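Take a look at the structure set out below.
2 protein chains.
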Amino acid sequence: MMSFKTTTLLAATAVTLTAFSMPSMAADKVYRLKMAETWASNFPIFGEAPRNMAKMAEEMSGGRLKITIDSSNKHKAPLGIFDMVRSGQYDMGHSASYYWKGKVPNTLYFTTMPFGMITPEQYGWFYHGGGMELMEKVYQPFGLMSFPGGNTGNQMGGWFQKEINSLDDLQGLKMRIPGFAGEVLAKLGAKPTNIASGELYTALERNTIDALEWVGPSLDLRMGFHKIAPYYYTGWHEPATELQFLVNKRSFDRLPEDLQRILTTSMKLASYEMYVQSYHESGTNWVTMKSEYPNVQVKTFPKDVLAAMKKANQELLEEKAAADPLAKEILDSQAEYLKTARVWTNISDRAYLDSLETISE
Amino acid sequence: MMSFKTTTLLAATAVTLTAFSMPSMAADKVYRLKMAETWASNFPIFGEAPRNMAKMAEEMSGGRLKITIDSSNKHKAPLGIFDMVRSGQYDMGHSASYYWKGKVPNTLYFTTMPFGMITPEQYGWFYHGGGMELMEKVYQPFGLMSFPGGNTGNQMGGWFQKEINSLDDLQGLKMRIPGFAGEVLAKLGAKPTNIASGELYTALERNTIDALEWVGPSLDLRMGFHKIAPYYYTGWHEPATELQFLVNKRSFDRLPEDLQRILTTSMKLASYEMYVQSYHESGTNWVTMKSEYPNVQVKTFPKDVLAAMKKANQELLEEKAAADPLAKEILDSQAEYLKTARVWTNISDRAYLDSLETISE
Numbered sequence: 098m099m100s101f102k103t104t105t106l107l108a109a110t111a112v113t114l115t116a117f118s119m120p121s122m123a124a125d126k127v128y129r130l131k132m133a134e135t136w137a138s139n140f141p142i143f144g145e146a147p148r149n150m151a152k153m154a155e156e157m158s159g160g161r162l163k164i165t166i167d168s169s170n171k172h173k174a175p176l177g178i179f180d181m182v183r184s185g186q187y188d189m190g191h192s193a194s195y196y197w198k199g200k201v202p203n204t205l206y207f208t209t210m211p212f213g214m215i216t217p218e219q220y221g222w223f224y225h226g227g228g229m230e231l232m233e234k235v236y237q238p239f240g241l242m243s244f245p246g247g248n249t250g251n252q253m254g255g256w257f258q259k260e261i262n263s264l265d266d267l268q269g270l271k272m273r274i275p276g277f278a279g280e281v282l283a284k285l286g287a288k289p290t291n292i293a294s295g296e297l298y299t300a301l302e303r304n305t306i307d308a309l310e311w312v313g314p315s316l317d318l319r320m321g322f323h324k325i326a327p328y329y330y331t332g333w334h335e336p337a338t339e340l341q342f343l344v345n346k347r348s349f350d351r352l353p354e355d356l357q358r359i360l361t362t363s364m365k366l367a368s369y370e371m372y373v374q375s376y377h378e379s380g381t382n383w384v385t386m387k388s389e390y391p392n393v394q395v396k397t398f399p400k401d402v403l404a405a406m407k408k409a410n411q412e413l414l415e416e417k418a419a420a421d422p423l424a425k426e427i428l429d430s431q432a433e434y435l436k437t438a439r440v441w442t443n444i445s446d447r448a449y450l451d452s453l454e455t456i457s458e
Numbered sequence: 098m099m100s101f102k103t104t105t106l107l108a109a110t111a112v113t114l115t116a117f118s119m120p121s122m123a124a125d126k127v128y129r130l131k132m133a134e135t136w137a138s139n140f141p142i143f144g145e146a147p148r149n150m151a152k153m154a155e156e157m158s159g160g161r162l163k164i165t166i167d168s169s170n171k172h173k174a175p176l177g178i179f180d181m182v183r184s185g186q187y188d189m190g191h192s193a194s195y196y197w198k199g200k201v202p203n204t205l206y207f208t209t210m211p212f213g214m215i216t217p218e219q220y221g222w223f224y225h226g227g228g229m230e231l232m233e234k235v236y237q238p239f240g241l242m243s244f245p246g247g248n249t250g251n252q253m254g255g256w257f258q259k260e261i262n263s264l265d266d267l268q269g270l271k272m273r274i275p276g277f278a279g280e281v282l283a284k285l286g287a288k289p290t291n292i293a294s295g296e297l298y299t300a301l302e303r304n305t306i307d308a309l310e311w312v313g314p315s316l317d318l319r320m321g322f323h324k325i326a327p328y329y330y331t332g333w334h335e336p337a338t339e340l341q342f343l344v345n346k347r348s349f350d351r352l353p354e355d356l357q358r359i360l361t362t363s364m365k366l367a368s369y370e371m372y373v374q375s376y377h378e379s380g381t382n383w384v385t386m387k388s389e390y391p392n393v394q395v396k397t398f399p400k401d402v403l404a405a406m407k408k409a410n411q412e413l414l415e416e417k418a419a420a421d422p423l424a425k426e427i428l429d430s431q432a433e434y435l436k437t438a439r440v441w442t443n444i445s446d447r448a449y450l451d452s453l454e455t456i457s458e
């Protein structure tokens, strides 16, 4: 890899060169971008995506684009990325769009939605179904650009101390489940709370909470929840969690066109790569987990519980759509796209997997 | 985008610059690569992937990496890509690895396998499960590098004039189905044939063949098969068809490191992007097809037919593994990876989709 030690290597010969090779002047300048991430340092998978991105960008640019990353240990504002990138304190951020719903409600819809699209469907929506354009509509007024930043795949419904057999079992259930899904459960009588990740294990072990959701086997194994909660429920609330790269528009506009393209390409590839890495680690970690704790039981919520969750979810969505035309535009676009893409999901991968099961020993 | 009209813009000032900025000399040279594709010109989706790749590479390199693409109309050797890239007649190719199985049998395993991995599982195998390393083992002796080149998603089992209700219905069935899947069907009494794409519609219409497989709704709609065959079977034989970028190793080694990284990144992203595009077009084309011809019926082969196909497939795989240690190494690696990844597929997307169905109206 080429590297450039100074920002203007050619400064000494600038006069000679200007007349016939202005572009090569820009080609030797080093551009430095500062990024803040929501995650603590060494956070697996989530924290690897922005580093993968920065490495690609630096290598592809021959060292002309250098991106440094500050973890939350340093900037102390894990949920302040939106503001720090907006103000220009950082040029970029790595986080998740739904963290800003308290500030800009319509940012909620660009991470994942309960009962919504699965990962390949959602990428189809972003890139071919109008999703990117709608995300731009939401972020543009703040001088921000937002891009997919890595997908976890379908998240698990969480770890439970007791089985959920009916809606009654949700009454008063203390569960760590943030965001929109928490609102859905609250409507059904549960008591959703948010607890910092470092305290989750103890809270579940001491029955301060009865249940929690985190991510899935790709990250849950490291948290050890399988040692203290026997039931692991399949997902309903985050079928395609997509993280986010945020870029300050002024910082982006200052880059020459080739580096802009290197940056957007690196972000896009890093997001797909995180999806594949998550898929991989979910499988391998699940196998490890099962061999360590063979009694972990995978459960799916009963039909009437799921139906009630879906109904509560739908009512909340209708409230959002009624209150804001842009929310309605986004939700209608997602609902329409899901309908079309799901037909294909069902006759392709799903029909294939179902047909294999009929002949498995 | 910057563009460079001459290969050595800085030649005139070379002496002045050499002492302290050698890298910027290389940074102004334009590298040109010639690529041959299997597809005819304007072939949708498959032909868009290499063009998407070339455009990214040119833009990210500020015009220093230019890739021109010859379609099969021009080079006249759609299935000669391997040889033309090996000899250096072309620097790169876009094709599919299983086309070379007659020449190098172990290339068969890097496109997709009957009853094998679905797309995200297979990407996991390529990038985290040893797939890329095994592919290198197969291609390296020929001075070739091979990379994923775009995924179609799960391919459909094909268009049939008559329903397949039992193994008897396969006896003497004339079906256009190339490759390994054709061998599987031949073992069960069918008569697989290969027919050039331009003649497929007429062959099916005039009952020269009883059935054919092509790709899936993403490409089948344009062929019009839905107008002349009522049954559309779900897939078993190509669950994750991955196309291929081939690169001549000497051509690759001549590129400076930053352009090498730009090239590999562009190929990798173009392959994921083709997967998402195929997913998108499969859904939208299926909806169009159904509105035009509402009587098209989606069918899945009966259990005993699928079980016999799987058994025949397994026997063929065992023959391949017994005859060649590298084939055995690849097939064992795939089987092992599939087992681990499939557990995750089943408790994530599949469990989610199944649970939604229980509450759908």
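First to last, the protein sequences are chains W and D.
Going by our numbering, the first residue of the first sequence is number 98, and it counts up by one from there.
Going by our numbering, the first residue of the second sequence is number 98, and it counts up by one from there.
Yeah, the Cβ is synthetic: ideal placement off N, Cα and C, and Gly gets one too.
It should be emphasised that the depicted structure is a prediction, and the values quoted were computed from it without experimental measurement.
{"Asked": "Residues bridged to D/THR167 (per DSSP)", "Found": "The sequence shown places Asp at residue 167 of chain D, rather than the Thr named in the question. D/ASP167 pairs with D/ALA133."}
{"Asked": "Between the CA atoms of D/MET153 and W/GLY254 - distance to the nearest angstrom", "Found": "39 Å"}
{"Asked": "Buried versus exposed, by CB contacts within 10 Å (16 or more), W/ARG358", "Found": "buried"}
{"Asked": "Cβ contact check for the region 431-447 of chain D and the region 222-232 of chain D: 3 or more pairs under 8 Å", "Found": "yes"}
{"Asked": "Coarse secondary structure for W/PHE257, derived from DSSP in three states", "Found": "strand"}
{"Asked": "Contact with chain W by D/ILE510, beta-carbon distance below 9 Å", "Found": "The structure shown has nothing for residue 510 of chain D, since chain D only spans 98 to 458."}
{"Asked": "Cβ-Cβ distance between D/PRO211 and D/GLN341 below 9 Å", "Found": "no"}
{"Asked": "Whether W/ALA287 touches W/LEU301 by CB criterion (9 Å)", "Found": "no"}
{"Asked": "Range of the contiguous alpha helix (DSSP H) that encloses D/TYR220", "Found": "216-225"}
{"Asked": "Where the beta strand (DSSP E) through W/GLY82 begins and ends", "Found": "Outside the shown range of chain W, which is 98 to 458, sits residue 82 of chain W, and nothing can be said about it."}
{"Asked": "Burial state of D/THR362, where buried means 16 or more other Cβ atoms lie within 10 Å", "Found": "buried"}
{"Asked": "Residues of the region 202-230 of chain W whose Cβ lies closer than 8 Å to any Cβ of chain D, in chain order", "Found": "PHE212, ILE215, THR216, PRO217, GLU218, TYR220, GLY221, TYR224, HIS225, GLY226"}
{"Asked": "Endpoints, the beta strand (DSSP E) within which W/PRO289 is located", "Found": "288-290"}
{"Asked": "Length of the line joining the Cα atoms of W/SER375 and W/ALA146", "Found": "11 Å"}
{"Asked": "Span of the beta strand (DSSP E), counted from its first residue to its last, around D/TYR329", "Found": "328-330"}
{"Asked": "Helix, strand or coil at W/ARG273 according to DSSP, with G and I counted as helix", "Found": "strand"}
{"Asked": "Neighbour list for D/GLU156 in chain W, Cβ cutoff strictly below 7 Å", "Found": "ASP355, ARG358"}
{"Asked": "Start and end residues, alpha helix (DSSP H) containing W/GLN431", "Found": "422-442"}
{"Asked": "Burial state of D/TYR195, where buried means 16 or more other Cβ atoms lie within 10 Å", "Found": "buried"}
{"Asked": "Short-range partners of chain D found in the region 388-418 of chain W, where Cβ spacing is below 8 Å", "Found": "VAL395, THR397, PHE398, LYS400, LEU403, ALA404, LYS407"}
{"Asked": "Straight-line Cα distance separating W/THR338 from D/SER464", "Found": "The question about residue 464 of chain D has no answer here: the residues shown for chain D are numbered 98 through 458."}
{"Asked": "Close-in-space but distant-in-sequence residues of the same chain around D/TYR236 (CB under 7 Å, 5 per side omitted)", "Found": "MET242, SER243"}
{"Asked": "Rounded C-alpha distance that separates D/TYR369 from D/ASN248", "Found": "7 Å"}
{"Asked": "Beta-carbon proximity of D/PRO314 to D/ASN382, cut-off 9 Å", "Found": "yes"}
{"Asked": "Reduced DSSP secondary structure (H/G/I, E/B, other) of W/ALA448", "Found": "helix"}
{"Asked": "Alpha-carbon spacing of D/MET132 relative to W/ARG273, whole angstroms", "Found": "54 Å"}
{"Asked": "Backbone secondary structure at D/GLN411 - three-state DSSP", "Found": "helix"}
{"Asked": "Closest by C-alpha distance to W/ALA174, when choosing among W/SER158, W/ALA193, W/TRP136", "Found": "W/TRP136"}
{"Asked": "Span of the alpha helix (DSSP H), counted from its first residue to its last, around D/ASP324", "Found": "It is worth fixing the name first, because residue 324 of chain D is Lys in this sequence and not Asp. Looking at the DSSP string, D/LYS324 is not in any alpha helix (DSSP H), and its letter there is neither H nor E."}
{"Asked": "Own chain partners of W/VAL393 with C-beta closer than 7 Å, once the 5 adjacent residues on each side are dropped", "Found": "HIS323, PRO327, TYR329, MET386, LYS387"}
{"Asked": "Assigned exposure category for W/GLU454 - 16 Cβ within 10 Å defines buried", "Found": "exposed"}
{"Asked": "According to DSSP, residues forming a beta bridge with D/MET189", "Found": "D/MET132, D/VAL344"}
{"Asked": "Delimiting residues of the alpha helix (DSSP H) encompassing D/GLN357", "Found": "354-389"}
{"Asked": "Cutoff 9 Å: D/PRO314 Cβ touching any chain W Cβ", "Found": "yes"}
{"Asked": "Minimum Cβ-Cβ distance from D/ILE430 to chain W less than 9 Å", "Found": "What sits at residue 430 of chain D in the sequence shown is Ser, not Ile. Cβ-Cβ to chain W under 9 Å: no for D/SER430."}
{"Asked": "D/SER118 in three-state terms, based on DSSP", "Found": "Because D/SER118 sits at a pLDDT of 39, beneath the cut-off of 50, its placement in the model cannot be relied upon, and the following sentence gives the value as read from the coordinates. D/SER118 falls in the helix class under three-state DSSP."}
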